[in-house]
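Worksheet: the structure to be examined is printed underneath.
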Amino acid sequence: MELIPSDYELVCRLQADDVKAFDMIYARYSLNIYRFAFKYLRSEEEAEELVQAIFLKIWEIRRSLKSDSSFKSFLYTIVYNEICNLFRKRKHNQEYTKELRYINKNSSTEAEDRIDFKSLLTRVEKIVQKLPDKQREIFLKSRSEGKSSKEIAKEVGLKPATIDNYISESLKFIKSKLKKESMYVIFFLLTVSY
27 MELIPSDYEL
37 VCRLQADDVK
47 AFDMIYARYS
57 LNIYRFAFKY
67 LRSEEEAEEL
77 VQAIFLKIWE
87 IRRSLKSDSS
97 FKSFLYTIVY
107 NEICNLFRKR
117 KHNQEYTKEL
127 RYINKNSSTE
137 AEDRIDFKSL
147 LTRVEKIVQK
157 LPDKQREIFL
167 KSRSEGKSSK
177 EIAKEVGLKP
187 ATIDNYISES
197 LKFIKSKLKK
207 ESMYVIFFLL
217 TVSY
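Numbering (our numbering), first residue to last: 27 to 220.
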């Protein structure tokens, strides 16, 4: 009869790139993490994505895991933080939707008829792809993921003020490429999530 390895043993093996240990950790915790996430998110899709993101993160940081502390506590701390991030993203998207509804309500029908949002979004996506790699990464984290400058700074190892500068430069670049568009279109494009 084979003994079931402890979290400590699995983490030690995982630090040494043991894929089987990773699979065992996944089997041990994935369902409970899914249930925990679903309880708060109320979305099967978001809960599944969260589980995948958590275990991808665990694999990426496997060599820096601490085997002397509670892996379960560490894991659920990551889960909690990811759920908080999703709630912030939801709030960001809700605020954007409210603003867009207000703008649509107060804009003229003629202006709405002239705007082909899909083609404009495609144009902006192409412009964003022309940004330097680091600048594009930071801009997309801000606009697509709804992350704050502080969160992005922590992720990429820069100061929040530097992040703000990257975003500001990105916006200037996009505005310069869309200078022929109306202010309404520019506002829409710069607040929409990609």
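Using N, Cα and C, we set each Cβ at its ideal position, and we do this for glycine too.
For residue 33, the secondary structure class from DSSP, reduced to helix, strand or coil, is helix. One Cα belongs to residue 95, the other to residue 56, and the distance between them is close to 20 Å. Per the coordinates, the alpha-carbon of residue 163 lies some 18 Å from the alpha-carbon of residue 148. Membership of residue 186 in the alpha helix (DSSP H) is indicated by the continuous run 186-203.
Rounded to whole angstroms, the separation of the alpha carbons of residue 85 and residue 77 is 12 Å.
DSSP places residue 174 outside any alpha helix (DSSP H), giving it a letter other than H or E. DSSP places residue 87 outside both helix and strand once states are collapsed to three, so it counts as coil. Minimum Cα-Cα distance from residue 101 among the listed residues 114, 87 and 117 corresponds to 87.
Rounded to whole angstroms, the gap between the alpha carbons of residue 66 and residue 72 is 10 Å.
Contact between residue 178 and residue 168 is confirmed by a C-beta separation of about 6 Å, below the 8 Å threshold. The Cβ atoms of residue 158 and residue 175 do not sit closer than 7 Å to each other. For the beta strand (DSSP E) assignment, the region 68-119 encloses no uninterrupted run of at least 3 residues. The C-beta distance from residue 47 to residue 105 rounds to 20 Å, too long to meet the 8 Å contact threshold.
Collapsing the DSSP output to three states places residue 157 in coil. With a beta-carbon spacing of about 6 Å, residue 98 and residue 33 fall inside the 8 Å limit used to define contacts. Straight-line measurement puts the Cα of residue 50 at about 8 Å from the Cα of residue 36. The beta carbon of residue 189 is closer than 7 Å to those of 164, 175, 178 and 179 in its chain, skipping five residues each way along the sequence. Assignment of residue 63 by DSSP, reduced to helix, strand and coil, places it in the helix class. Non-local beta-carbon contacts of residue 93 in its own chain, meaning distances under 6 Å to residues more than five positions away in sequence, involve 34, 37 and 38 in chain order.
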